[in-house]
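Okay, structure first, notes after.
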Amino acid sequence: YPYSFMTANAGKAAAKEYDYIIVGGGSAGCPLAATLSQHYSVLVVERGDSPYGNPDVENTNGLFKILLGADDYPYVAQRFVTEDEVQLARARVLGGGTAINGAFYSRASIDFIRKMKWDEKLVNESYEWVEKLNVFKPEKLSPWNADVRDGLLEAGVLPYNGYTLDHVDGTKISASTFDNNGTRHTAADLLKYANPKNIVVLLNSTVSKILFNLESGNIKAACVELTSDVDGLSYHVLINQLSHKSEVILSAGSIGSPQLLLLSGIAPSQQLRELNITVLLDSPSIGKGIEDPPLSLVIVESPKPLPFGITQ
1 YPYSFMTANA GKAAAKEYDY IIVGGGSAGC PLAATLSQHY SVLVVERGDS PYGNPDVENT
61 NGLFKILLGA DDYPYVAQRF VTEDEVQLAR ARVLGGGTAI NGAFYSRASI DFIRKMKWDE
121 KLVNESYEWV EKLNVFKPEK LSPWNADVRD GLLEAGVLPY NGYTLDHVDG TKISASTFDN
181 NGTRHTAADL LKYANPKNIV VLLNSTVSKI LFNLESGNIK AACVELTSDV DGLSYHVLIN
241 QLSHKSEVIL SAGSIGSPQL LLLSGIAPSQ QLRELNITVL LDSPSIGKGI EDPPLSLVIV
301 ESPKPLPFGI TQ
C-alpha cells in the first residue's frame, strides 16, 4: 500500500478506539478523514481495495472495462438495477466514485453555494486544496473535443469562456482528474494530506450496522459492526467513549448511507417492521427522495474518422 496507515487487518484496526469512524472512503470520506486526522484519531472503513496499481482505475482506457466488469466480485464497481430497471454501477474501491467515473471536473454553481449558505471563502479554499493534487488542465484538446467545442459554438451555445473550472453558461473547456500522462487521480490521493499518526484506513471490510448506546435516553453511536473480506470474521470497533465529540460518520454514498441507517434501525418504522428490524428511530425521510440525472445518448455520424477515447 502507498500509505503506511492503510491496512486490510481488521483485527488490528479494531484493537483500539477512535474519535471518529468514517464509513466509506470515497469522494467525501477521504478528504474529511485527512482533515480530521490533523487533530483527532480517525478510522476509515472501506469495503473495497486500494485503487493504486489497478490499471483499470489508473488508465484512461480502463473506464469501459470498469463498467463492463461491474459486479465481478471483488471488482472495483458493483452493478445494481433500480426499480425503474435502470442499470447503474456503484464504486467498491478506495476513492469511491472518483475511481470509476468519467473524470470530468467542474466547480459547483455559485448560486448553489449561496443557496446552501456556505462560506464562499472557505469553499474556494477547499477547491484549491483538492485541485492542487487532483485536477489537471489539458495541454491540448483532442480532435474530437475540439470538434465538439466548435460545434457548440456554431450552434450558438455562447459565450465562449475558454478554459475555466467555474460553472458558467455557454461553452467552456474544463479540467480532468486524469493528468496529461493519462493517469487517474482519485479522492484517495487526498489522504496525502493526512496526519499518518492519527489515521487508519481499513480496506476490504464492510460495515453491517451501527450499534448505539441507549442508556442516557438518547440515541448515541457507540461502535460499528464490520466483517472483513480477508478473514471472514466480524468485529466491533468502538468510538472514544470519553469524548463528547466522538462520532460515527456515514460517507457510504447516496445508497450505502441510508441502507446502513436502515440496517441499524433508523428509517421509516413501517419499512423496518416489514424487515423485522428493531425500530430505534422512526425517520420517514431516510431512503427517500434520491434523484439521479438521466443519461442522454446522442449519436452523430461524423464525416471523418475520429480517434477512440473515453468521451467518444
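Under full-length UniProt numbering, read the sequence shown as residues 1 to 312, first letter to last.
All C-beta atoms in this analysis are idealised placements derived from N, C-alpha and C, irrespective of residue type, glycine included.
Since this is a predicted model, take the numbers as computed values, not measurements.
The count of Cβ pairs closer than 8 Å, one atom from the stretch 161–172 and one from the stretch 104–111, reaches three, so the stretches are in contact. Spanning the alpha carbons of asparagine 198 and asparagine 276 requires a straight line of approximately 38 Å. Close CB contacts of valine 157 within its chain, under the 8 Å cut and outside five residues either way in sequence, are with Gly170 and Thr171 (chain order). About 13 Å separates the beta carbons of arginine 90 and proline 74, which is beyond the 8 Å limit, so they are not a contact pair. The C-beta distance from valine 237 to isoleucine 21 rounds to 6 Å, short enough to meet the 8 Å contact threshold.
The three-state secondary structure of arginine 47, taken from DSSP, is coil. Contact between glycine 256 and leucine 281 is ruled out by a C-beta separation of about 19 Å, above the 8 Å threshold. Cα atoms of tyrosine 1 and serine 269: separation of roughly 42 Å, rounded to the nearest angstrom.
CA-to-CA, the gap between proline 55 and serine 285 works out to about 39 Å.
Under the DSSP assignment, alanine 146 falls in the alpha helix (DSSP H) whose first and last residues are 143–154. Counting every other CB atom within 10 Å of its CB across the protein chains shown gives serine 41 a total of 16 or more, marking it as buried. Straight through space, the alpha carbons of alanine 15 and glutamine 259 are spaced by roughly 26 Å. Excluding residues up to 5 positions away in sequence, Leu133, Asn134, Thr177 and Asp179 lie with their Cβ nearer than 7 Å to the Cβ of histidine 185 in the same chain. When only Cα atoms are considered, lysine 288 and proline 143 end up about 43 Å apart. DSSP places glutamate 247 in no alpha helix (DSSP H) but in the uninterrupted beta strand (DSSP E) bounded by 247–250.
Within the DSSP bridge table, the entry for glutamine 87 names Val81 as partners.
Asparagine 134: member of the alpha helix (DSSP H) spanning 120–134, first to last residue. Taken through DSSP and simplified to helix, strand or coil, alanine 221 comes out as strand. Within 10 angstroms of the beta-carbon of serine 302 lie fewer than 16 other beta-carbons, which makes it exposed. By a beta-carbon distance limit of 8 Å, valine 279 does not contact valine 248. Their separation comes to about 19 Å.
Burial check for arginine 47: the Cβ neighbour count within 10 Å reaches 16 or more, so the residue is buried. Isoleucine 110 places its beta carbon 9 Å or farther from that of leucine 63. Per the coordinates, the alpha-carbon of leucine 262 lies some 21 Å from the alpha-carbon of serine 246.
A residue is called buried when at least 16 other Cβ atoms come within 10 angstroms of its Cβ; proline 51 meets this threshold and is buried.
Classified as exposed, leucine 242 has fewer than 16 neighbouring CB atoms from the shown chains inside 10 Å of its CB. If you draw a 10 Å sphere on the C-beta of asparagine 204, you find 16 or more other C-beta atoms in it, and that means buried.
Arginine 184 carries a strand assignment under DSSP once its states are collapsed to helix, strand and coil.
Of Pro31, Ala13 and Ser234, the smallest CA-CA separation from glutamate 131 is found for Pro31. When DSSP states are grouped into helix, strand and coil, serine 296 belongs to the coil group. Collapsing the DSSP output to three states places lysine 12 in a helix.
Sequence-distant partners of leucine 211 (beyond 5 residues in either direction) whose C-beta falls short of 8 Å from its own C-beta, in its chain, are Ala221, Ala222, Cys223, Val224, Glu225, His236 and Ser264.
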